[in-house]
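J.: Below is the structure I would like to discuss, written out as structure tokens.
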Ligand SMILES: O=C(O)CCC(=O)C(=O)O
Ligand SMILES: [Fe+2]
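Residue numbers (this note's numbering): 3 to 345.
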């Protein structure tokens with residue numbers, strides 16, 4: 003599969019750098035409320051060709067379901083060393099320029115949002131190996147294959163898009179990716195996969211055991227954790243496919259999904275999973291690359307690797323994007339607040 007790309011031209015890069023320079027002089031962090039209130043407006047100052055490429059990606063929902071933005075350089079020394087934990091946030095962030103680029107481009111697809119139960123509610127996540135967590139099925143693991151999944155598949159308001167930006171990837175460890183482009187289903191399989199027969203629980207990154215000890219604790223957040231624990235013990239059942247029969251949307255995560263009771267439902271899931279397995283491609287992100295994944299139409303994961311914890315480990319930044327914040331209004335504290343609390 004050819005991965006669709008958009009590469010910034012020299013002129014487009016100059017234009018973008020000027021915008022980033024202005025924003026990094028004005029705001030100390032991308033989490034600044036004043037910046038976030040104007041996010042979508044600032045994003046309209048990105049180059050026309052880039053805005054157009056992302057607009058088409060959003061509007062047309064191509065079955066390839068991914069777009070990689072290249073031509074944005076990252077200075078290896080400027081960004082500093084790979085932190086040992088996502089909670090080791092420096093102030094000011096050495097990756098401020100990159101974080102603004104990630105937020106602005108993400109905002110062309112919808113509204114970036116965060117989870118009260120993930121990475122302390124921050125909008126921009128750090129995806130890096132964490133000492134002691136090598137074996138986990140999470141972005142912070144490394145030694146095991148991170149099985150393919152759609153992001154936050156357990157949650158009704160999971161992101162429409164997942165945006166990954168590479169800070170460094172010296173060993174060229176691939177992100178894995180597959181869309182439904184090549185998947186062929188029988189009418190019966192399709193029918194079953196459209197029904198809410200498939201049990202799923204939250205992935206562990208949302209559970210209290212990964213709540214950071216130093217985090218900014220508040221009552222709402224504790225309640226959100228309690229709700230996630232409830233979803234974990236009660237196990238909801240979801241349809242794997244939804245939307246248009248001939249070009250469906252997808253929610254799937256083999257690792258957090260249990261076995262459906264119905265034999266035929268089980269077989270339909272197995273059949274789909276085998277075809278996804280066969281469709282998986284490697285996507286090696288290079289520093290500065292931004293990968294926009296349609297989280298309704300594609301799965302992603304990561305190949306295993308050995309972390310060295312020498313400051314040069316693989317390091318990505320991640321943002322979740324929703325096309326419609328309004329759907330989750332009842333679990334956010336204000337219309338313009340971007341953090342979802344609970345389920
Ligand atoms: O590390 C990667 O390439 C992707 C990890 C992942 O699944 C995620 O960040 O959501
Ligand atoms: Fe993921």
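Positions of the beta carbon are idealized from the N, C-alpha and C atoms, including for glycine.
1. Taking 8 angstroms as the cut-off, is the CB of residue 206 close to at least one heavy atom of ligand 1?
2. Please confirm whether any heavy atom of ligand 1 lies closer than 8 angstroms to the CB of residue 254.
3. Buried or exposed for residue 174, going by 16 or more other Cβ atoms inside 10 Å?
4. Rounded to whole angstroms, what is the Cα-Cα separation between residue 268 and residue 261?
5. Taking 8 angstroms as the cut-off, is the beta-carbon of residue 87 closer than that to any non-hydrogen atom of ligand 1?
6. For residue 170, which three-state DSSP category applies?
7. Does the structure place the segment 9-16 close enough to the segment 33-52 that three or more beta carbon pairs sit under 8 angstroms?
8. Out of 332, 339 and 338, which one is the CA nearest neighbour of residue 345?
9. Over the uninterrupted beta strand (DSSP E) stretch that includes residue 294, give me the two end residues.
10. How would you call residue 335, buried or exposed, if buried means at least 16 neighbouring beta carbons within 10 angstroms?
11. Say yes only if the C-beta of residue 143 is nearer than 8 angstroms to one or more non-hydrogen atoms of ligand 2, and no if none qualify.
12. Considering only heavy atoms of ligand 2, does any lie closer than 8 angstroms to the CB of residue 164?
13. Comparing C-alpha positions only, which one of 4, 153 and 240 sits nearest to residue 295?
14. Starting from residue 108, trace the beta strand (DSSP E) in both directions and tell me its first and last residue.
15. Going by beta-carbon coordinates alone, are residue 340 and residue 115 separated by less than 9 angstroms?
16. Since residue 303 contacts residue 127 with CB under 8 angstroms, what's their CB separation in whole angstroms?
17. Between residue 69 and ligand 2, is there a pair consisting of the residue's CB and a ligand heavy atom that are separated by less than 8 angstroms?
18. Around the C-beta of residue 232, are 16 or more other C-beta atoms found within 10 angstroms, so that it is buried, or is it exposed?
19. Tell me whether residue 68 sits in a helix, a strand or coil according to DSSP, three-state version.
20. Where residue 265 and residue 191 are concerned, what is the direct C-alpha to C-alpha distance, given to the nearest angstrom?
21. Taking 8 angstroms as the line, does the beta carbon of residue 1 fall inside it for any heavy atom of ligand 2?
22. What are the start and end residues of the alpha helix (DSSP H) that includes residue 202?
23. Using DSSP with H/G/I as helix, E/B as strand and the rest coil, what is residue 4?
24. Do you know whose CA, among 329, 300 and 291, lies nearest residue 317's CA?
25. I want to check one thing, is the minimum distance from the CB of residue 98 to the heavy atoms of ligand 2 below 8 angstroms?
26. So, with DSSP's three-state summary, where would you put residue 115?
27. Excluding the 5 residues flanking residue 240 on each side, which residues of the same chain have their C-beta closer than 7 angstroms to its C-beta?
28. So for residue 239, helix, strand or coil by DSSP?
29. Closest to residue 149 by CA distance: which of 205, 94, 78 and 25 is it?
30. For residue 312, which of 91, 179 and 131 has the nearest alpha-carbon?
31. Are residue 101 and residue 178 touching if we call contact CB-CB under 9 angstroms?
32. Name the residue from 16, 57 and 70 whose alpha carbon lies nearest to the alpha carbon of residue 287.
33. Do residue 56 and residue 107 count as a contact pair if the criterion is CB distance below 9 angstroms?
34. What's the C-alpha gap between residue 83 and residue 143?
T.: For this structure:
1. Along the chain shown, one-based indexing puts residue 206 at 204. Not so, every heavy atom of ligand 1 lies at least 8 angstroms from the Cβ.
2. Taking the chain shown and counting its residues from 1, the one referred to as residue 254 is at position 252. Not so, every heavy atom of ligand 1 lies at least 8 angstroms from the Cβ.
3. What you label residue 174 is simply residue 172 of the chain shown in a count that begins at 1. Classification of residue 174: exposed, given that the 10 Å Cβ count is below 16.
4. Indexing the chain shown from 1 puts residue 268 at position 266. Indexing the chain shown from 1 puts residue 261 at position 259. Roughly 7 angstroms separates the two Cα atoms.
5. Indexing the chain shown from 1 puts residue 87 at position 85. No.
6. Indexing the chain shown from 1 puts residue 170 at position 168. Three-state DSSP puts residue 170 in a strand.
7. yes
8. The count along the chain shown starts at 1 and reaches residue 345 at position 343. Closest option to residue 345, Cα to Cα, is 332.
9. Looking up residue 294 in the chain shown gives position 292. Element bounds for residue 294: 292-296.
10. As a position in the chain shown, residue 335 is number 333, starting the count at 1. Exposed: under 16 other Cβ atoms inside 10 Å.
11. Working through the chain shown from its first residue, we reach residue 143 at position 141. Because no heavy atom of ligand 2 lies under 8 angstroms away, the Cβ of residue 143 does not count as near it: no.
12. Position 162 of the chain shown holds residue 164. Yes, ligand 2 has a heavy atom inside 8 angstroms of this Cβ.
13. In the chain shown, residue 295 corresponds to position 293, counting from 1. Minimum Cα distance to residue 295 is reached at 153.
14. As a working mapping, residue 108 is identified with position 106 in the chain shown. It is not in any beta strand (DSSP E) - residue 108 instead sits in the alpha helix (DSSP H) that spans 98-109.
15. For the purposes of this step, residue 340 is taken as residue 338 along the chain shown, with counting starting at 1. For the purposes of this step, residue 115 is taken as residue 113 along the chain shown, with counting starting at 1. Yes, they are a contact pair.
16. Locating residue 303 in the chain shown gives position 301, where the first residue counts as 1. Locating residue 127 in the chain shown gives position 125, where the first residue counts as 1. 16 angstroms between Cβ atoms; not a contact.
17. By 1-based counting over the chain shown, the position of residue 69 is 67. Incorrect: residue 69 has no Cβ contact closer than 8 angstroms to ligand 2.
18. Taking the first residue of the chain shown as 1, we reach residue 232 at position 230. Looking at its Cβ environment, which holds fewer than 16 other Cβ atoms inside 10 Å, residue 232 is exposed.
19. By one-based count along the chain shown, residue 68 stands at place 66. Residue 68 falls in the strand class under three-state DSSP.
20. Start at 1 with the first residue of the chain shown, and residue 265 comes out as number 263. Start at 1 with the first residue of the chain shown, and residue 191 comes out as number 189. Their backbone Cα atoms lie some 12 angstroms apart in a straight line.
21. Look at the range of the chain in this structure, 3 to 345, and you will see that residue 1 is not part of it.
22. Translated into positions along the chain shown, residue 202 becomes position 200. Element bounds for residue 202: not the alpha helix (DSSP H) but the beta strand (DSSP E), 200-202.
23. Within the chain shown, residue 4 is the residue found at index 2, counting from 1. Residue 4 falls in the coil class under three-state DSSP.
24. By one-based count along the chain shown, residue 317 stands at place 315. That would be 291, whose Cα lies nearest to the Cα of residue 317.
25. Numbered from 1 along the chain shown, position 96 holds the residue referred to as residue 98. No, the Cβ of residue 98 stays beyond 8 angstroms of every heavy atom of ligand 2.
26. Position 113 of the chain shown, counting from 1, holds the residue named residue 115. Three-state result, residue 115: strand.
27. By 1-based counting over the chain shown, the position of residue 240 is 238. So the list reads 198, 200, 202 and 253, once near-sequence residues are dropped.
28. As a working note, residue 239 is residue 237 in the chain shown. DSSP places residue 239 in strand when its eight states are reduced to three.
29. Your numbering for residue 149 matches position 147 in the chain shown. Answer by Cα proximity: 205.
30. For this step, residue 312 is matched to residue 310 along the chain shown. Considering only alpha carbons, the answer is 131.
31. Working through the chain shown from its first residue, we reach residue 101 at position 99. Working through the chain shown from its first residue, we reach residue 178 at position 176. No.
32. The sequence position of residue 287 within the chain shown is 285, counting from 1. Residue 287 has its Cα closest to that of 70, out of 16, 57 and 70.
33. Along the chain shown, read from residue 1 onward, the residue named residue 107 stands at position 105. Along the chain shown, read from residue 1 onward, the residue named residue 56 stands at position 54. The answer is yes: Cβ separation under 9 angstroms.
34. For the purposes of this step, residue 83 is taken as the residue at position 81 of the chain shown. For the purposes of this step, residue 143 is taken as the residue at position 141 of the chain shown. Roughly 18 angstroms between the two C-alpha positions.
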